[in-house]
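Just below is one structure, and these are the notes that go with it.
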Amino acid sequence: MKLCAALLLFYIFQCTCSQPDNRGFISIDCGIPENSSYQDLTSSIIYVSDHGFISSGENRDISGDYIKPSLAQRYYNVRFFPDGTRNCYTLRSLVAGNKYFVRAAFYYGNYDGLNMLPVFDLYMGVNYWHEVQFSDAGATNWMDIIVVAPADYLQVCLVNKGMGTPFISGMDLRPLKSNLYPEANASQSLVLINSNRFNMGPTDNSIVRYPLDPHDRIWSTYDTIPSWKEASATSVIRNYLTDAFDVPSAVMQNAATPTNGSRIDFSWNPSDPSVNISSRYFFVFYFAELLSAASNEQRQFDIIVDNSTWNTKPYTPPYLFAESFSGTVKGQAGHSISLVATKNAKLPPILNAMEMYLVKPISETATDPGDARAMMAIQETFGVSKNWMGDPCAPKAFAWEGLNCSYPPAGLPRITALNLSSSGLVGSIAPYFGDLKALHYLDLSSNDLSGPIPYSLLKKSQNRTLLLRLGNNEHLCGSTTCESGRNNTNEALLSAVIIPTVAIIALFVILIVLLCRKLKKNAKRKSTSPKHETVLLENREFSYRELKHITNNFSQEIGKGGFGVVFLGYLENGNPVAVKVRSESSSQGGKEFLAEAQHLTRIHHKNLVSLIGYCKDKNHLALVYEYMPEGNLQDHLRDTSTSKPLNWEQRLQIALDAAQGLEYLHVGCKPALIHRDVKSRNILLTTDLGAKIADFGLTKAFSDSKTHITTEPAGTMGYLDPEYYRSYQISEKSDVYSFGVVLLELITGHPPVVPINDSVSIHIGEWVHQNLDQGSIESIIDSSMGGCYDFNSVWKVADLALHCKEEVSRERPTMTDVVAQIKECMELEARRDGRRNSTVASDDLSYAGEGSAFEVEGSVGEISEASPGPAMR
């Protein structure tokens with residue numbers, strides 16, 4: 001009993017320390033011993049250990065050489081994170097939708113004895129907050145953010161970017177009233193830039209914070225300006241009831257005013273490498289009249305920011321009341337602020353305080369709160385290590401191991417699959433698994449789980465909405481209650497698992513027998529049909545009902561083409577798929593559909609989109625492909641607002657991947673295949689921006705005895721081979737022409753048809769020629785790459801693209817030649833950074849189809865001298 005009581009008290013202490021105090025404050029000293037706390041002598045705030053807020057990292061004291069009498073106690077030690085890319089604090093017991101002020105504090109103090117200042121990133125939940133860097137080892141650094149909590153918790157994450165080990169000294173959370181800082185809302189946060197919250201009057205480097213500021217904002221003094229002097233008052237400065245900032249009286253009792261003159265002028269530069277020309281800043285200026293002046297001694301002035309007057313009429317500050325002017329400015333350059341007395345003014349301008357924030361749009365959406373809470377509870381229950389820190393699904397680069405997440409464009413990420421097999425799980429199956437409402441696949445096999453299987457999981461499994469794997473957990477019971485004795489357990493398992501399994505197997509055998517009979521009948525019926533119309537599909541056949549289930553009744557459209565609409569779906573194991581359904585208006589009938597299925601089932605290559613299955617259910621025709629999460633190349637080149645611009649190295653790798661896919665169609669397949677619709681929209685991208693060729697609806701095969709086939713022209717304008725269009729004769733060189741257009745898109749970022757003005761457009765090849773005729777290639781290179789590329793590499797790709805686009809097809813290179821030349825270009829780009837590219841060796845080409853395995857002989861030899869540039873053709 002004593003032990004139980006002690007454990008209970010320990011648990012209560014842990015919960016108490018990780019909760020807000022009675023003011024709603026959370027005040028953490030990162031790095032002090034577990035369960036310890038102390039009261040700060042200056043602010044009277046009680047700081048607690050960070051043990052209840054994070055489960056990773058190590059504690060260490062700073063070097064004694066950096067401990068100064070003026071240094072706050074919270075900076076004496078740090079928690080640092082030598083392991084893992086992302087390490088996160090979780091601040092709980094908040095109110096979703098409420099506004100909070102969060103501060104992260106840092107003091108290096110040579111805690112690691114290396115005297116090397118680290119640089120790392122700070123995230124508020126799934127959204128980038130700021131880069132953390134230091135001017136010297138003895139400088140304190142703190143960052144504030146005002147944020148609306150999307151759930152009943154907030155997470156602050158430190159991310160290692162390979163420039164030193166992340167660490168932290170302290171963290172604070174303070175609640176804010178909803179009417180304060182209205183610019184902070186559910187779609188954007190406010191980040192204080194370079195500690196720019198200033199008490200303008202004092203010249204003694206004093207700090208104002210809690211308890212003088214009830215929200216514990218830190219107000220620093222502004223630089224001493226010789227042309228300014230301090231004005232002050234002892235009277236209390238009050239706020240209006242409608243005030244949106246609640247500035248403290250202790251700050252407003254001081255102000256700056258000109259020593260001699262009628263204006264205050266100063267400038268502000270963000271000096272922040274993370275901002276750009278489109279960044280927005282939120283400025284707040286605070287005013288209060290401190291002098292009880294006669295009515296004829298009026299203070300009156302204009303507030304001018306970047307040559308724009310913010311006040312609509314001459315402004316006079318109210319006596320002993322705080323008033324503010326706020327607004328946003330744009331751009332990364334310096335900003336000018338002027339307070340200029342009007343001609344009727346008897347007193348010079350006055351400025352009591354100011355704040356300057358970076359407006360941070362919420363660009364990433366966090367995992368569904370219910371899913372996230374369930375996963376955090378599972379992590380805490382079983383002590384799963386892996387990389388389970390922060391948000392489970394977002395950002396994608398930090399998604400938890402063992403999870404599959406769906407990322408709907410208009411909703412929150414959801415967890416669809418969870419694999420915890422062989423993860424050392426001990427104890428009963430936590431009920432939190434049942435809280436994952438979008439879960440389709442759960443693997444808990446090969447652990448040491450015991451007790452009952454939760455009813456919610458059994459029910460989903462029996463309804464076939466959840467694929468549940470529980471093998472090699474010998475102590476599990478098969479029902480929601482465990483009877484004493486082995487026999488009862490076995491009976492439960494028999495009724496819940498074994499009997500349904502046997503029934504499914506029996507049903508499967510019956511279906512196979514029926515299918516075989518049907519195939520025999522069909523074979524007899526079609527024995528006189530032409531050979532090319534017989535399709536032997538090796539992949540899974542879906543019923544239309546199954547397609548409706550895996551696509552949630554075709555609820556999420558992700559694309560559209562000539563064949564029909566493409567929908568996002570999820571298989572039983574949680575893997576996402578793209579389901580391409582023939583539309584009523586599609587010109588592609590059953591014959592063309594089966595031809596596409598035939599091509600895809602015969603083709604297996606890392607740079608070609610794989611076919612998972614198909615549906616031919618009465619009048620319903622559909623293909624099920626692997627899902628490509630990063631969409632298509634065209635969107636990445638044109639719509640940089642939703643994706644980070646591709647750099648030149650990434651573009652080269654995409655070009656190589658796509659070229660290798662086409663080379664395989666031309667050389668690795670017997671008979672060879674022509675795509676006929678090569679374009680940037682048909683090049684799909686994986687999570688790591690690997691490229692795969694998609695959409696084989698128009699693919700045609702060479703006969704063994706011909707070098708070309710005659711067919712009606714098909715493809716997309718702008719990419720279409722003019723020789724093929726004129727003669728109706730197609731060969732693999734038609735794909736080469738189209739690929740040359742794609743290469744020009746990669747270089748320029750422009751579409752195949754480039755608009756010159758509102759009424760005139762020209763082909764991208766002609767546009768490139770016109771610009772190259774003027775003697776400079778820089779004019780055609782996509783500016784979003786920021787000039788970061790090897791010049792010779794770009795020249796060589798441009799030259800290759802123009803060769804691919806030769807009017808006469810016999811003068812164009814083969815795709816094998818194209819692959820080799822792109823690898824040379826990659827080598828040139830790699831040398832720019834002193835690296836060597838690991839992809840120079842040729843990939844083997846293998847074909848799993850009608851013919852025997854086929855390999856392309858030869859490899860890339862010595863890299864030739866860089867071409868002087870595209871020939872002027």
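Take the sequence shown: its letters are residues 1 to 873, numbered as in full-length UniProt numbering.
Heads up, the beta-carbon is just placed ideally off N, CA and C, and yes, glycines get one too.
Predicted model, so just to flag it, every value in this text is computed and none were measured.
Would you tell me roughly how many angstroms separate the C-alpha atoms of residue i and residue j, rounded to the nearest one?
| i | j | result |
| --- | --- | --- |
| N607 | E626 | 12 Å |
| F25 | S543 | 57 Å |
| E401 | L637 | 30 Å |
| Y664 | V148 | 52 Å |
| Y75 | P314 | 46 Å |
| P349 | H51 | 50 Å |
| E541 | L611 | 11 Å |
| E827 | P813 | 20 Å |
| S705 | A672 | Here the model assigns S705 a pLDDT of 42, short of 50, so the residue's position is not dependable, and the following value carries that caveat. Going by the C-alpha atoms only, they are around 11 Å apart. |
| residue 874 | L180 | An answer regarding residue 874 cannot be provided, because it is not within the stretch 1 to 873 covered by the chain. |
| L442 | F554 | 24 Å |
| G631 | I781 | 23 Å |
| P20 | F321 | 32 Å |
May I ask you to report which of helix, strand or coil DSSP gives residue i?
| i | result |
| --- | --- |
| G434 | helix |
| F106 | strand |
| N194 | strand |
| V768 | helix |
| E806 | coil |
| V208 | strand |
| A801 | helix |
| S44 | coil |
| E829 | helix |
| N792 | helix |
| Q774 | coil |
| K560 | strand |
| E732 | helix |
| G740 | helix |
| V760 | coil |
| I550 | helix |
| M116 | coil |
| Y111 | coil |
Between the options, which lies nearest to residue i when the distance is taken from Cα to Cα?
| i | options | result |
| --- | --- | --- |
| L351 | A288, S336 and L412 | A288 |
| N87 | N387, F25 and H130 | N387 |
| L412 | F120, S169 and V126 | V126 |
| A72 | T814, R92, N59 and Y47 | Y47 |
| V753 | S680, P349 and S793 | S680 |
| S278 | Q298, Y319 and K360 | K360 |
| H605 | N552, N619, Y111 and G661 | G661 |
| S428 | P318, L449, L467 and L646 | L449 |
| L467 | L458, A655 and S738 | L458 |
| I168 | C30, P409, K68 and S56 | C30 |
| V102 | L571, L114, M143 and R92 | M143 |
| residue 951 | F120, G613 and L685 | No answer is possible for residue 951: it lies beyond the span of the chain, which begins at 1 and ends at 873. |
| W228 | T203, Y111, R238 and G97 | T203 |
| N196 | F398, A353, L339 and S779 | A353 |
| N307 | D265, P318, L290 and L772 | D265 |
| L192 | I747, Y570, H475 and V284 | V284 |
| residue 875 | M356, L158, C405 and Y737 | Residue 875 lies beyond the range of the chain shown here (1 to 873); nothing can be said about it. |
| N789 | R832, G765 and G109 | Per the sequence presented here, residue 789 reads as Tyr, with Asn not at that position. When each option's Cα is compared against that of Y789, the closest is R832. |
| H440 | G424, P454, N404 and G471 | N404 |
| D817 | L800, E806, V208 and E807 | L800 |
| I378 | S324, A333, Y407 and F433 | F433 |
| S235 | L190, A256 and Y319 | Y319 |
For the putative contact between residue i and residue j, defined by C-beta atoms under 8 Å, what is the C-beta separation to the nearest angstrom?
| i | j | result |
| --- | --- | --- |
| V742 | A820 | So it is not a contact: roughly 17 Å between Cβ atoms. |
| S461 | L444 | With 8 Å as the limit, S461 and L444 do not qualify as a contact, their Cβ atoms being about 12 Å apart. |
| H763 | G718 | 7 Å |
| I683 | D735 | Not quite, the Cβ-Cβ distance comes to about 12 Å (not below 8 Å), so this is no contact. |
Write down every uninterrupted run of the alpha helix (DSSP H) in the region 609-697 whose length is 4 residues or greater and which is fully enclosed by it, in chain order.
633-638 and 648-663
What are the start and end residues of each continuous beta strand (DSSP E) run of 3 or more residues lying completely inside the region 212-254, in chain order?
228-232
Within the region 349-429, ranges of the beta strand (DSSP E) (whole runs, at least 3 residues):
353-361, 403-406, 414-419 and 426-428
Complete runs of the beta strand (DSSP E) confined to the region 44-72 [at least 3 residues]:
46-49 and 58-61
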